[in-house]
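K.L.:
Going left to right, the sequence shown walks through residues 883 to 1783 as this note's numbering numbers them. In this text, a Cβ means the ideal position worked out from N, Cα and C, and glycines have one as well. This one's a predicted model, so the numbers in the text were calculated from it and none came from an experiment. Got a structure for you, written out below as structure tokens; questions coming shortly.
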Amino acid sequence: MSDVEMKDEKDALDTEDEESSEGTNTEDEDTEDDDNDESIESKHIKEYIEILTKIAGDKYNYDNYAELLEVAHQMNDLEKIRQSAEIFSAMYPLSPEIWLKWLKIESSLASTDEQVEKVVKLFQRALNDYYSAEVAMEFAELAMKTSSREISDGIWKTLIPTYGLHTVKGRSIFEAYREDTLTKNGDSPASFNRLARIYEQELKIPLRNMEESYIEYKLLCEKYKDVITDLDEEKFERRYKQAKEALQRMLPHETALGALEAHCHQERADLYRKYIADCQAVLDDDEVQILYERMVTECCLDGTVWYDYVRYLHRCPPDPDENPASPVFRQTELDLVNRALRNCTWSAELFVEKMRIVERQAKPTSKMAILKIMEDVASAGLQTPEASVKVWLEYLTYLRRVTDFTSEKERDILRANFDLAWNQLGRTWGVLADPQCKILQFWGRLEYEALGEPSKGRDLWYSVMDSADNSTRVGLWIEFIELEAKRGPEAVRKLYRKSINCAGLDDPETLAAAWLRFERCNGTLDQLISCQELCNATIEKYYKTLSKNGPSNRAAKGKRTDSGTNKEQSESSTTKRHASTLDGAGGSPGKKKLKRTHDQMSDSAGEREVEFKTPAIPVANNTKHHDNKHEPEKHPKMDDDDSSGYVAKGDQNRQVFISNLSFEVTETDIREVFPDLTIESVELVASSSGKSRGFGYMQLGSADEVPKALSFDRRPLNGRPVFISNVARDKANRPHQFKYSSSFEPNKLFIKGLPFNLSRDELAKLFEPFGAIRDIRIVCYKSGKSKGLAYLEYETETAAKNAVLKMDQHVIDGFTLTVAISSPPPKKNPTATEPNLAVGDGGGPSFSLGSGKKQLTKGDVKQKLSPMIPTAVLKKTATTRATTSDDKPKSNDDFRKLLLK
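See below:
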């Protein structure tokens, strides 16, 4: 063997050894990769099981479901993706993004007609959850992909009537439809005629870039004019022109929506409302409904937009026979409100609307269905006492309509439900619940009338007038007096005399005039003179007080601050408290109480700022209107004892108030959802049972972070928007504060009767001709929806006077404006309205419940939260209601049995 051959053989052997070595290394690496894959898979399986366990323990936590689905996608396991999506969908609607991710996988794997049909059903479920153009485009691709003409036609019957109306994306749907039609039908006269009909259907709808489709249609008609039939050029041109004119009106709104950032939910809802109001006259009902669908999809956690949509559907129901395949136009009011409540389980307005829809259906099962709604309300956990009162009032009103008042048994059932409502509100909200006693007002009126027990009605109404500041409200006194008229003139006269002597009346002149008319019609000469003397003395005293504290006009009536006269008035107007049990006087243990005590909810009255965002403290709405007078919501001081005995701690300049939280939310959840903030501590307010009440405080790292935190208002947590507001006690430190004065302000206007969709800019444009405007504040509900009220401040007094002369009784969009110079009623003496703080025996805070005479320790508060009612009512009703005298809360089964007795 030559040296060359030996060298070649050596090289060959070396190469073989290297290959052998490389093969061994590759096998080792493959084994290592397999081990890594198994390790990752095991980790995912373990994580998946852990999340399922968390869901089993807390089924309302939205984030757990989203995390479960994400882990399933990481596992690349189709069965796990399907399983987790179904678990998610059973509790919450899946967002369009979640549906799209899942549907793309299913579409790519579907090859047979049977598999495609299953995917079609998934798409239909997705489109039932939300209106999504992106999901619709993916559905269109499935129609183009399938070879089945039947499946394809079914998809287009779903998409074209619904998504072909989308102003921005509709043209893309029609393009896909035409392409699929041409592909499946080929170049034939029938195909060209079908294309022409599709163009004609598209060009009567206002769609962006519709001019391009118009040119394509004209070219098609010119090229195949010999085979295209049934052309009605005049009719087509007329419809096209109308659609184009409508589009020009719509495009500015579409541009404004497109320019909004993703987190601007309230601004987006306002833009959609303005869009609908501006364009409704030039659009078909179906096109308007599509705008509502887009609005609720993009603002799905705003209960007010769902409510607006439900009310629209009630006024303009679609014809399901016209588009039977459309998920939008075949839905009923009940379908829509159920969709809404899957998104906004905390909305009292939606629960009320659902009750009304069910009642209108008048089915034999309606009573059970409405009872089920009340059970759902209990599970949902409404976030404010006002919401709870609203739902209970609606339920009690329904019971009144279906009660046979000739049956003693049914009358007792109705009374028992009033009792249940009053006590349940007291247990849940304590002194914050129903301070205006709307439940008792309703109950009392029924006792006077349908229930036929005027004496019970009188005692209930006395309980109403002894609560909160109701004794100062002339409107309530007059309603009470009208009810007492059924008992005779002496009962009316006695009540007039009692009411006119109440201090702090908001409109004593009206009350005096009503009494005088009554005595002219019914009284003797002596009774008439006595009435005049007492009324004149009251009104004279009233005006003396006003002359010291403000102008004597109707906008400033009802509140006193004079230190000389206010002491006597404060003492006489202090709310009287009295307790009694259901079975008689005294406070014997084990007896159910009926009347709750209420503290004054505010440290001041008059014209004050109503925050645009959700108020920080969830309390009853005490808004009042008397001519030009407006009194915004009152809020308790949260550093005083509230119903749970909670006291806010920490530096209030670095605090923000958070509310609308799920009861299951923890401090860890809050920190995770606000990673941009430096959070020192989180205090969640708990009930006496230790359960979170859905609101609390965040202590931030510095006062500079407060504005940043406020900018995160409405950020979702566990599927609910977190409401964030300022709690700084010094009003001067609150950002963006609209300044109000307690005295006459000749350059500031108070405006009421505004259209609810009128924006700040539109209001400014309306009043700019009279002078330079310094500031504007539109008064809003917690949801941000306008109340139809506003304050407008001019630079000069002359401008304000001219505006009053020109704009008072001005009509805009069917609304008649009332414009007056702002003149808020002066604040009450704090000693008469503020809680009397003191240190209790145990070193904690204590407060008076309104008498100003007795101070209670923190331990005394709890027993005062139980409802109370005068002894006279309780003695007379004890025998008929002994079965409800225990203090145990009723279960859903008890509740159902109560109604079905």
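At the level of alpha carbons, what is the spacing between V1273 and D1301?
P.N.:
Position 391 of the sequence shown, counted from the first residue, corresponds to residue 1273. Position 419 of the sequence shown, counted from the first residue, corresponds to residue 1301. If I take the Cα positions, the gap works out to 15 Å.
K.L.:
Just mark R1553 as buried or exposed, buried being the case when its beta carbon has 16 or more other beta carbons within 10 Å.
P.N.:
Translated into positions along the sequence shown, residue 1553 becomes position 671. Flag for R1553 reads exposed.
K.L.:
For E1627, which residues in the same chain have their Cβ closer than 6 Å to its Cβ, ignoring the five residues on either side in sequence?
P.N.:
Here residue 1627 refers to the residue found at position 745 of the sequence shown. Answer for E1627: S1704, listed in chain order.
K.L.:
Below 8 Å on the Cβ atoms is my contact criterion, and I expect G1605 with N1542 to pass it. Report the Cβ-Cβ distance as a whole number of Å.
P.N.:
If you number the sequence shown from 1, residue 1605 lands on position 723. If you number the sequence shown from 1, residue 1542 lands on position 660. Correcting the residue identity first, residue 1605 is Phe in this sequence and not Gly. Indeed they touch by this definition, with Cβ atoms about 4 Å apart.
K.L.:
Less than 7 Å between the C-beta atoms of Q1581 and S1607, yes or no?
P.N.:
On the sequence shown, residue 1581 is found 699 positions in, with the first residue counted as 1. On the sequence shown, residue 1607 is found 725 positions in, with the first residue counted as 1. No. Outside cutoff.
K.L.:
Report the partner residues of M1580 according to the DSSP bridge assignment.
P.N.:
By 1-based counting over the sequence shown, the position of residue 1580 is 698. Per DSSP, V1538 and V1564.
K.L.:
Return the CA-CA distance between R1459 and F1324, expressed in angstroms with no decimal places.
P.N.:
Counting from one through the sequence shown, the residue named residue 1459 turns up at place 577. Counting from one through the sequence shown, the residue named residue 1324 turns up at place 442. The predicted position of R1459 is uncertain, since its pLDDT is 31 and thus under 50; no value can be drawn from it.
K.L.:
Taking DSSP as the reference, what is the three-state secondary structure of E1143?
P.N.:
Stepping through the sequence shown from its first residue, residue 1143 is reached at position 261. It is coil, neither helix nor strand.
K.L.:
Does T1680 get closer than 7 Å to chain D when you measure Cβ to Cβ?
P.N.:
Chain labels in this structure do not include chain D; a single protein chain is all it has.
K.L.:
Applying the 10 Å Cβ sphere with the 16-neighbour rule, what's the burial state of S1208?
P.N.:
One-based indexing of the sequence shown puts residue 1208 at position 326. Buried.
K.L.:
So K1634 is in the beta strand (DSSP E); what residue range does that whole segment cover?
P.N.:
Start at 1 with the first residue of the sequence shown, and residue 1634 comes out as number 752. Taken as a continuous stretch (DSSP letters only), the beta strand (DSSP E) holding K1634 covers K1630 to K1634.
K.L.:
Compute the distance between the beta-carbons of A1646 and I1655, then report whether it is under 7 Å.
P.N.:
As a first step, residue 1646 must be located in the sequence shown, where it is residue number 764. As a first step, residue 1655 must be located in the sequence shown, where it is residue number 773. Taking 7 Å as the Cβ cut-off, A1646 and I1655 qualify as a contacting pair.
K.L.:
Could you give the C-beta distance for T1784 and G1583, rounded to a whole number, given that I count them as a contact under 8 Å?
P.N.:
Limits of the chain in this structure are 883 at one end and 1783 at the other, which puts residue 1784 out of reach.
K.L.:
Shortest alpha-carbon distance to L1333 belongs to which of A1681, Q1124 and I1295?
P.N.:
In the sequence shown, residue 1333 corresponds to position 451, counting from 1. Ranking the options by Cα distance to L1333, first place goes to I1295.
K.L.:
With Y930 and L950 assumed to form a contact (beta carbons below 8 Å), what rounded beta-carbon distance in angstroms separates them?
P.N.:
For the purposes of this step, residue 930 is identified with residue 48 of the sequence shown, where counting begins at 1. For the purposes of this step, residue 950 is identified with residue 68 of the sequence shown, where counting begins at 1. Their Cβ separation, rounded to whole angstroms, is 7 Å, which keeps Y930 and L950 in contact under 8 Å.
K.L.:
By how many angstroms is the C-alpha of L1139 removed from the C-alpha of E1450?
P.N.:
Taking the sequence shown and counting its residues from 1, one reaches residue 1450 at position 568. Taking the sequence shown and counting its residues from 1, one reaches residue 1139 at position 257. Residue placement at E1450 is poorly supported in this model, since its pLDDT is 38, which falls under 50; the coordinates still yield a value, given next. C-alpha separation (whole angstroms): 58 Å.
K.L.:
Output the distance between the C-alpha atoms of G1446 and R1242, rounded to the nearest integer angstrom.
P.N.:
Walking along the sequence shown from the start, residue 1446 turns up at place 564. Walking along the sequence shown from the start, residue 1242 turns up at place 360. Any answer about G1446 is weak, because its pLDDT of 39 lies below 50 and its placement is not dependable; what the coordinates show is given next. Looking at the two C-alpha atoms, the distance is approximately 58 Å.
K.L.:
Q1148 to C1181, Cα distance in whole Å?
P.N.:
The sequence position of residue 1148 within the sequence shown is 266, counting from 1. The sequence position of residue 1181 within the sequence shown is 299, counting from 1. Cα to Cα, the separation comes out at about 8 Å.
K.L.:
List the endpoints of the continuous beta strand (DSSP E) containing V1661.
P.N.:
As a working note, residue 1661 is residue 779 in the sequence shown. Start and end: I1655 to C1662.
K.L.:
With a threshold of 16 other CB atoms inside 10 Å of the CB of Y1673, please say whether the residue is buried or exposed.
P.N.:
In the sequence shown, residue 1673 corresponds to position 791, counting from 1. Y1673 comes out buried.
K.L.:
Tell me where the beta strand (DSSP E) around N1067 begins and ends.
P.N.:
The sequence position of residue 1067 within the sequence shown is 185, counting from 1. That residue, N1067, is in no beta strand (DSSP E); its alpha helix (DSSP H) goes G1052 to N1067.
K.L.:
Going straight from the alpha carbon of F1040 to that of E1329, what length do you get?
P.N.:
The residue you call residue 1040 lines up with position 158 of the sequence shown. The residue you call residue 1329 lines up with position 447 of the sequence shown. One point to set straight first is that residue 1040 is Thr, not Phe, in the sequence displayed. Taking the straight line joining both Cα atoms gives about 55 Å.
K.L.:
Decide if H1145 is buried, meaning its Cβ has at least 16 other Cβ atoms within 10 Å, or exposed.
P.N.:
The residue labelled residue 1145 in the question sits at position 263 within the sequence shown. Answer is exposed; the Cβ neighbour count stays below 16.
K.L.:
Rounded to whole angstroms, how far is the Cβ of N1600 from the Cβ of S1544, which I believe are closer than 8 Å?
P.N.:
In the sequence shown, residue 1600 corresponds to position 718, counting from 1. In the sequence shown, residue 1544 corresponds to position 662, counting from 1. With a Cβ gap of about 5 Å, N1600 and S1544 count as contacting.
K.L.:
Would the beta-carbon of V1271 fall within 7 Å of that of K1338?
P.N.:
The count along the sequence shown starts at 1 and reaches residue 1271 at position 389. The count along the sequence shown starts at 1 and reaches residue 1338 at position 456. No, these two residues do not count as a Cβ contact at 7 Å.
K.L.:
Output the boundary residues of the beta strand (DSSP E) element that contains P1603.
P.N.:
As a working mapping, residue 1603 is identified with position 721 in the sequence shown. Element bounds for P1603: R1602 to N1608.
K.L.:
My output table needs one value for Y1191: the three-state DSSP class, helix, strand or coil.
P.N.:
The sequence position of residue 1191 within the sequence shown is 309, counting from 1. Y1191 falls in the helix class under three-state DSSP.
K.L.:
Counting C-beta neighbours from all protein chains within 10 Å, is the total for Q1265 16 or more, i.e. buried, or is it exposed?
P.N.:
Within the sequence shown, residue 1265 is the residue found at index 383, counting from 1. Answer is buried; the Cβ neighbour count reaches 16.
K.L.:
Could you give the first and the last residue of the continuous alpha helix (DSSP H) run that contains E1215?
P.N.:
To locate residue 1215, count along the sequence shown from 1; it is residue 333. Its alpha helix (DSSP H) spans residues E1215 to N1225.
K.L.:
Roughly how many angstroms separate the alpha carbons of N1305 and L1004, rounded to a whole number?
P.N.:
Stepping through the sequence shown from its first residue, residue 1305 is reached at position 423. Stepping through the sequence shown from its first residue, residue 1004 is reached at position 122. N1305 and L1004: Cα-Cα distance of roughly 46 Å.
K.L.:
Could you check where the alpha helix (DSSP H) with Y1330 kicks off and where it finishes?
P.N.:
Locating residue 1330 in the sequence shown gives position 448, counting from the first residue. Note, Y1330: alpha helix (DSSP H), K1320 to Y1330.
K.L.:
DSSP beta-bridge partners for T1049?
P.N.:
Looking up residue 1049 in the sequence shown gives position 167. None; T1049 has no bridge partner.
K.L.:
Looking at C-alpha atoms only, which residue of S1073, Y1122, R1079 and G1036 is the closest neighbour of P1088?
P.N.:
For this step, residue 1088 is matched to residue 206 along the sequence shown. Per the Cα distances, Y1122.
K.L.:
If we count the other Cβ atoms within 10 Å of its Cβ and call it buried at 16 or more, is L991 buried or exposed?
P.N.:
For this step, residue 991 is matched to residue 109 along the sequence shown. Exposed is the call here.
K.L.:
Is L1804 helix, strand or coil when you go by DSSP?
P.N.:
Summary: the structure shown does not reach residue 1804, with the chain confined to residues 883 through 1783, and so no result is reported for it.
K.L.:
What's the C-alpha gap between S1455 and F1362?
P.N.:
Counting from 1 along the sequence shown, the entry for residue 1455 is found at position 573. Counting from 1 along the sequence shown, the entry for residue 1362 is found at position 480. Because S1455 sits at a pLDDT of 36, beneath the cut-off of 50, its placement in the model cannot be relied upon, and the following sentence gives the value as read from the coordinates. C-alpha separation (whole angstroms): 18 Å.
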